[in-house]
Amino acid sequence: MLDLGAGTGDFVSTDPSDRDAGWYRAAKGMDTFWNDPRFATYLAWSKKLAETVGRPTVMWQIPVGNWQQNNTDQHWQDNKVDYVFGNLDKVADAHVVGVFFGSGDTPQTTPETDGGYLFGRTQGYDKSGGAKLR
Numbered sequence: 078m079l080d081l082g083a084g085t086g087d088f089v090s091t092d093p094s095d096r097d098a099g100w101y102r103a104a105k106g107m108d109t110f111w112n113d114p115r116f117a118t119y120l121a122w123s124k125k126l127a128e129t130v131g132r133p134t135v136m137w138q139i140p141v142g143n144w145q146q147n148n149t150d151q152h153w154q155d156n157k158v159d160y161v162f163g164n165l166d167k168v169a170d171a172h173v174v175g176v177f178f179g180s181g182d183t184p185q186t187t188p189e190t191d192g193g194y195l196f197g198r199t200q201g202y203d204k205s206g207g208a209k210l211r
C-alpha cells in the first residue's frame with residue numbers, strides 16, 4: 078500500500094462490510110455479525126494499517142441494520158452500529174478518525190428505513206461529548 082501512495086493521502090479508508098449481517102445470513106448462509114473477538118480483530122487490523130502507512134483510518138459504508146429489524150428488504154438486522162457507538166474509545170484508540178454509515182446496495186437497511194435507530198445513536202453520541210482523537 079505504501080508503494081501505491083497510501084502514505085501520501087490524508088487518511089486510509091476501510092470498509093467493515095457492504096451488507097447487513099442479516100442479509101448475509103439469509104442470502105449466503107454467512108455469519109457476519111460482530112462479536113468481541115471479530116470487533117477486536119478488525120480494530121487491531123485497522124490500527125496496524127494506520128501505523129504502517131502513517132495515516133489515520135476512516136470506516137465507511139458501515140451497515141445500518143439493527144436488532145429491531147425483521148430481516149426483510151431494507152430492514153435487516155446487524156450489530157455494527159451498536160459495536161461502533163458502544164466502543165468509541167476503542168475505535169479512537171485504533172486511530173479511526175471517522176465513521177460513516179450507509180447501505181452498500183438497494184436491499185440493505187438505510188437511515189430512512191432503520192426506524193430512527195442510527196439517528197438516535199448519533200444524537201446520543203453528540204450529547205455525550207464524543208471521543209477525543211488519538
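Using our numbering, read the sequence shown as starting at 78 and increasing by one per residue.
Yeah, the Cβ is synthetic: ideal placement off N, Cα and C, and Gly gets one too.
Just so you know, these numbers come straight off a predicted model, no measurement behind them.
For this session: Inspect the beta-carbon positions of G142 and V158 and report whether they are closer than 9 Å.
Result: G142 places its beta carbon less than 9 Å from that of V158.
For this session: Could you check the C-alpha separation between R26 and L120 for me, to the nearest Å?
Result: A query on residue 26 cannot be resolved here, the shown segment of the chain reaching from 78 to 211 and no further.
Exercise. Where does the unbroken alpha helix (DSSP H) through S123 begin, and where does it stop?
Worked result: It spans 113 to 130 - the alpha helix (DSSP H) in which S123 sits, taken as one unbroken run.
For this session: Spell out a yes or no on whether the segment 183 to 190 and the segment 141 to 156 are touching, meaning 3 or more CB-CB pairs, one atom from each, closer than 8 Å.
Result: Judged by Cβ distances under 8 Å, the segment 183 to 190 makes contact with the segment 141 to 156, as three or more pairs qualify.
Exercise. Do you know how far the Cα of K204 is from the Cα of W100?
Worked result: Each residue's alpha carbon lies about 32 Å from the other.
Exercise. Looking only at C-alpha atoms, which of Q151, N164, R115, Y194 sits nearest to G207?
Worked result: Taking each of Q151, N164, R115, Y194 in turn and checking the Cα distance to G207, the smallest one comes out for N164.
Exercise. Just checking, does the segment 89 to 96 make contact with the segment 120 to 136 on the three C-beta pairs under 8 Å criterion?
Worked result: Flag = yes, the segment 89 to 96 and the segment 120 to 136 touch.
Exercise. Cβ of A171 within 9 Å of Cβ of K209?
Worked result: In this structure, A171 sits away from K209, with a CB-CB distance that is not shorter than 9 Å.
For this session: Could you tell me the distance, in whole angstroms, from the CA atom of L126 to the CA atom of L81?
Result: L126 and L81 have their C-alpha atoms some 14 Å from each other.
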